[in-house]
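Report on one structure; see the data block that follows.
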Amino acid sequence: MTTVPAVGSFKAFAKAIGAGRLRSLMKRALRALVIPAAVVAIGMGAWYGATHFLLSPSRRFLLPPPQQVWSRSFSDPAHLRPMLDALAVTVKVASLGLLIATAVGVALGAVMSQARWLEGALYPYAVLLQVVPILAIVPLIGLWVGYSTSARVLVCVLISLFPVITNTNFGFRSVDRGLHELFDLGRASWLQRLVRLELPAALPSILTGLRIASGQAVIGAIIGDMFFARGDPGIGTLINNYVAQLRSEDLIAAVLLAAGFGVAVFAFFAVLSSVLVGRWHNSGARR
Numbered sequence: 001m002t003t004v005p006a007v008g009s010f011k012a013f014a015k016a017i018g019a020g021r022l023r024s025l026m027k028r029a030l031r032a033l034v035i036p037a038a039v040v041a042i043g044m045g046a047w048y049g050a051t052h053f054l055l056s057p058s059r060r061f062l063l064p065p066p067q068q069v070w071s072r073s074f075s076d077p078a079h080l081r082p083m084l085d086a087l088a089v090t091v092k093v094a095s096l097g098l099l100i101a102t103a104v105g106v107a108l109g110a111v112m113s114q115a116r117w118l119e120g121a122l123y124p125y126a127v128l129l130q131v132v133p134i135l136a137i138v139p140l141i142g143l144w145v146g147y148s149t150s151a152r153v154l155v156c157v158l159i160s161l162f163p164v165i166t167n168t169n170f171g172f173r174s175v176d177r178g179l180h181e182l183f184d185l186g187r188a189s190w191l192q193r194l195v196r197l198e199l200p201a202a203l204p205s206i207l208t209g210l211r212i213a214s215g216q217a218v219i220g221a222i223i224g225d226m227f228f229a230r231g232d233p234g235i236g237t238l239i240n241n242y243v244a245q246l247r248s249e250d251l252i253a254a255v256l257l258a259a260g261f262g263v264a265v266f267a268f269f270a271v272l273s274s275v276l277v278g279r280w281h282n283s284g285a286r287r
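Numbers 1 to 287, taken from full-length UniProt numbering, label the letters of the sequence shown in order.
In structure tokens form, the structure reads like this:
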């Protein structure tokens with residue numbers, strides 16, 4: 001006789017859990033889909049308003065409405081194909097530059113964390129890379145390296161190196177002292193301490209640096225395209241050409257493609273961070 005209430009209680013409990021999960025999924029869907037869609041809708045409305053209310057008909061070619069950009073640039077293969085080819089070149093340059101910056105930045109950050117005198121010797125040069133405007137040294141890069149793809153990659157490396165160095169150094173220095181003492185008791189070697197303690201503990205900070213550096217690498221690739229036009233044209237090269245030719249529809253389309261690439265790269269590293277450290281580190285906790 002007592003099993004009926006128990007079964008009923010279990011069903012009510014299961015139903016409550018199911019309702020809670022449903023509400024959680026709805027909240028995630030709201031944040032992931034509805035809110036970004038609303039922001040896009042507001043941006044499109046502002047775009048329409050600026051085109052039709054702020055510009056006179058004679059100057060409306062400077063900011064064509066969204067449907068005109070879609071019909072003349074995105075929907076026309078003759079216009080879209082060169083943009084996609086140029087974007088592929090920019091993606092290749094940014095990826096190679098970010099890969100080099102990651103390898104060099106993680107190595108330098110790890111070395112700087114091992115001794116204060118090393119940090120004092122190397123950190124000022126890392127800061128110098130950050131504070132000197134990249135546009136001021138781009139002409140020098142062209143003189144030293146040439147105006148080919150190598151110069152574009154070097155711009156990406158220089159502009160994205162600092163976040164990787166600083167976040168790696170911070171991550172290595174933030175390891176719990178008690179864990180270091182535990183490894184001392186176990187007579188761990190330098191390599192064991194590096195691989196089993198410091199590198200895993202610094203991984204969240206390294207990934208944070210990569211998220212920042214990824215956006216910087218995209219900016220560096222586009223700047224490199226604009227200044228170093230030899231070789232295959234990148235999206236920055238096309239942007240320069242469209243500005244010179246007053247092709248506003250293609251200019252806006254190219255800018256949107258470049259922005260989409262930057263967002264995609266940032267989202268990739270955000271997902272990578274969630275997958276690698278989200279289950280055990282509070283930086284990946286859902287809010």
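A virtual CB, placed ideally from N, CA and C, is assigned to each residue, including glycine.
First and last residue of the uninterrupted alpha helix (DSSP H) at residue i
| i | result |
| --- | --- |
| VAL47 | The question names Val, but residue 47 in the sequence shown is Trp. Residues 35-49. |
| HIS79 | 77-114 |
| HIS180 | 177-185 |
| LEU199 | 199-227 |
| TRP144 | 134-145 |
| PHE261 | 248-277 |
| ALA151 | 149-173 |
| LEU191 | 190-193 |
| PRO66 | 66-69 |
| LEU55 | Per DSSP, LEU55 belongs to no alpha helix (DSSP H) and is neither H nor E. |
| LEU63 | First-last for LEU63: undefined, no H or E at that position. |
Residue i burial status per 10 Å Cβ neighbour count (16 or more: buried)
| i | result |
| --- | --- |
| ARG81 | exposed |
| SER56 | exposed |
| MET26 | exposed |
| PHE13 | The predicted position of PHE13 is uncertain, since its pLDDT is 49 and thus under 50; a value taken from the coordinates is nonetheless stated next. Exposed, because fewer than 16 other Cβ atoms sit within 10 Å of the Cβ of PHE13. |
| GLY105 | buried |
| ARG286 | No answer about ARG286 holds up, because its pLDDT of 49 lies below 50 and its placement is not dependable. |
| residue 304 | The structure shown does not extend to residue 304, since the chain spans only 1 to 287, so no value can be given for it. |
| GLY43 | exposed |
| LEU22 | exposed |
Pair within 7 Å by beta-carbon distance, residue i and residue j
| i | j | result |
| --- | --- | --- |
| GLN216 | SER273 | no |
| VAL111 | LEU118 | yes |
| ALA78 | CYS156 | no |
| PHE269 | LEU210 | yes |
| GLY262 | VAL218 | yes |
| ASN169 | SER113 | yes |
| ALA151 | ILE137 | no |
Cut-off 6 Å between Cβ atoms - residues of its own chain near residue i, not counting five sequence neighbours on either side
| i | result |
| --- | --- |
| LEU87 | ILE235 and LEU257 |
| SER174 | none |
| PHE10 | Low confidence applies to PHE10: its pLDDT is 49, below 50, so where it sits in the model is not reliable enough to give any reading. |
| ASP176 | none |
| GLY109 | ILE165, THR168 and ASN169 |
Rounded Cβ spacing between residue i and residue j (contact assumed at less than 8 Å)
| i | j | result |
| --- | --- | --- |
| SER75 | ALA253 | With 8 Å as the limit, SER75 and ALA253 do not qualify as a contact, their Cβ atoms being about 10 Å apart. |
| LEU98 | SER214 | 6 Å |
| VAL145 | LEU158 | Between LEU158 and VAL145 the Cβ distance is about 11 Å, and since that is not below 8 Å, they are no contact. |
| SER148 | GLY231 | 5 Å |
| PHE172 | GLU198 | 5 Å |
| VAL277 | LEU203 | 6 Å |
Residues near residue i by beta carbon distance below 8 Å, same chain, minus five either side
| i | result |
| --- | --- |
| PRO65 | TRP47, TYR48, THR51 and HIS52 |
| VAL243 | LEU251 |
Beta-carbon proximity list for residue i, same chain, < 7 Å, skipping 5 on both sides
| i | result |
| --- | --- |
| GLN130 | PHE162 |
| ILE212 | PRO163 |
| MET1 | Confidence at MET1 is low in this model, with a pLDDT of 47, below 50, so its placement is unreliable and the value that follows should be read with caution. Excluding residues within five positions, none has a Cβ falling inside 7 Å. |
Proximity test, residue i beta-carbon vs the ligand PLP heavy atom, cut-off 6 Å
| i | result |
| --- | --- |
| ARG72 | The ligand PLP is not part of the structure shown, which contains no ligands of any sort. |
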